Every structure is written in structure tokens, then in C-alpha cells.
Amino acid sequence: MWRLALLLACLAGLARAEGPPAELCSKGIDAPERCIRMDPAHFATDLCAQIEADARHHGLPPGFLARLLWQESRFDPNVVSPMRARGIAQFIDSTARLRELEDPFNPAEAVARSAEYLGEMTRRYGSLGLAAIGYNGGERRAEGWKAGTGGLARETRAYVSIITGHSAEAWRDEPPDEVSYALDGDTPFQEACVTMAAKRRVTPLGPPPSRVSAWGAQIAFGTSRSAARAAWGRLPASCRRAAPEDRLDYVPVRRRGPGDRVYMMVRVGADSRVEATGLCRTISRAGCPCRAFRN
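Going left to right, the sequence shown walks through residues -17 to -1, 1 to 278 as mature numbering (1 follows the signal peptide of the UniProt record, and there is no 0) numbers them.
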């Protein structure tokens, strides 16, 4: 324990002297409310304590949840991926809404929702490995893999192997009886987790992320945000006037099938299906195909 005490003392030296540290808390809906103090002196200890508590609450090994979150974000609560996955648990907007996560940059709530989701998938699919597949590749991909009717992207295969130490094939065909998710040999979880967290790099906070509307009138797409923006720019001027740039949402959508690619959809934001359908009628009259989707 002397190593943990020394590490905490070093981290404490980084704390700000002025005022009490800000903290962010989970809602405490499906598990007890927990808070993470965001100053450097306390973030790692609070985060690791919550990872352990929420993992045990949902029947997960703490090391499994810690490994998965480390692979997702390196414990960076502010990170945004190229596919707009956000925060420490890397939820995209559609999954965040399904899991009732209002702020993916709140690490306390994101960890709680992540543990809850992984616990549900572990019970549904029967193993931690398949739950990891579902977290990275989506539930349909996990179900297809388990049934032997679908494949996995290279990224997902590597993800499962890194986190669990076993291949995706092993989890499907002959799940291991015992797996050690220890972070550092015999070192107690809290000490090993805090040591790992001390290696993280925190992304500076930028401006608040734009919010995607509940519905959208889809008019273009691309393999990236820039490609999708270019596709919108190639539309006739009449269509671009009907779908002005300041109302556009860029929504990542995973295409199921060979390659398992993510495409960026260009949709004119709308608050309801009725509004999105009305926008599509206007865009269609301007000469471009359009379809209403829930984001």
C-alpha cells in the first residue's frame, strides 16, 4: 500500500489550492449515486472506486470494466472520437439516448451507464467476451456472431482480445471457464487502477458539443464528416436552400454487413417525425430525394 500512498501524495501536489474541487455525480437510478471529483488530486481515486463499485453491482469483474474503459478512452472524460463517440465510455448520441445518458462528458454517469449496459449484455449473451463485442460492434453484430450468421470487423476482434485475453472465436465456440482481469498481477484493484489512471492524458475541454435533433430529413451521406459535407455541397442550389447548412446534423450510422463501416449521414434537424416528413416534402419538391429518420 505504500506505493498507492506515494502516488496519491504526488497527485495531491497537482491539485488547485483555490476553492473546493468541482464534482460530477451519477443519477443513482439503478445503482447508488456516486460522485467523481474532477481535480487532479482526486479524479483517479474516485473514478477507480466507482468502476469497482458499479462493476460489482452489475455482476462484472472490476478489472474487465476498467480494461474496457481504458481501451475506449484511456480514462479521458473529455475525449471525442472521429465518429463522435464521446467521453470516458465513448457513447455515440444514439446509444446515449437509448441508455438515458444525458451528458457523456460526466464520467460518473457514463461509467454507471456503461456498467449497466455491459451487465445486461453479459446476461443476455452469456459471456463477457460477447458483451465486449456488443459494446464495440453493436448488439446485432454480437447476436450474429453468437449465432454463426455474421462476421466481425478487425477492430472488434482486436478489441475483444486486448480486453479479455481471448479471441472472439474462443468466446463464441468454447468460452473460457476462468479469466483473470487483474490489472497488474497481484496488486489490489484500487492501487493498480489508480496507477493506470495516472498515465492518462486529458483532452482540454472545448466548446459544448452540438446537439443532434431528435429527427432528421436525410439528404446526403459520406464516409466521413468532410465527405458528407462535400456531398451536401454537390446538391443543386435549390435543394441546399431547402436544406440550409446551419440546420444540418451529421449522424454516424453503422452499415451492417461485410466491412461493417460507419457512414456519416447528413440530415436536416427536426423535432418530430411530422416536421422531418414536411422538410422532406419541401426538399423533394426542390428536386432531391429525401427520407425522414429518427436520429
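Glycine is no exception: its CB is placed at the ideal position from the N, C-alpha and C atoms. Remember, it's a predicted structure, so these values are computed and weren't measured experimentally.
| Asked | Found |
| --- | --- |
| Just reading off the alpha helix (DSSP H) that Glu55 is part of, what are its end residues? | Pro45 to Ser56 |
| Would you call the CB atoms of Gln201 and Arg96 closer than 7 Å? | no |
| Quick one: Cα of Pro191 to Cα of Ile19, how far? | Because Pro191 carries a pLDDT of 48, less than 50, the predicted location of this residue cannot be relied on, and the following value inherits that uncertainty. Going from the Cα of Pro191 to the Cα of Ile19 covers about 20 Å. |
| Can you have a look at Asp29 and say buried or exposed, based on whether 16 or more other CB atoms are within 10 angstroms of its CB? | buried |
| Should Ile116 be labelled buried (16 or more other beta-carbon atoms within 10 Å of its own) or exposed? | buried |
| Which runs of the alpha helix (DSSP H) fall wholly inside the segment 139 to 167 and span at least 4 residues, in chain order? | 151 to 156 |
| Thinking C-alpha only, which one of Glu138, Thr139 and Arg123 is nearest residue 279? | As shown, the chain starts at -17 and ends at 278. That puts residue 279 outside it, with no answer to give. |
| Using 7 Å as the limit for Cβ to Cβ distance, is Ala115 near chain C? | Structure shown: chain C not included; a single protein chain is present. |
| Short check: CB of Val234 to CB of Met248, under 7 Å? | yes |
| Quick one: measure Cβ to Cβ for Arg226 and Val245, integer angstroms, because I've assumed they're closer than 8 Å. | Here the sequence assigns Ala to residue 226, which means Arg is not the residue at that position. About 22 Å; that fails the 8 Å criterion. |
| Apart from the five residues just before and just after Tyr108, which ones in its own chain have a Cβ nearer than 7 Å to its Cβ? | Ala114, Gly117, Ala125 and Lys129 |
| Would you please state the rounded distance, in angstroms, between the beta carbons of Gly70 and Ala93? I believe it to be under 8 Å. | 5 Å |
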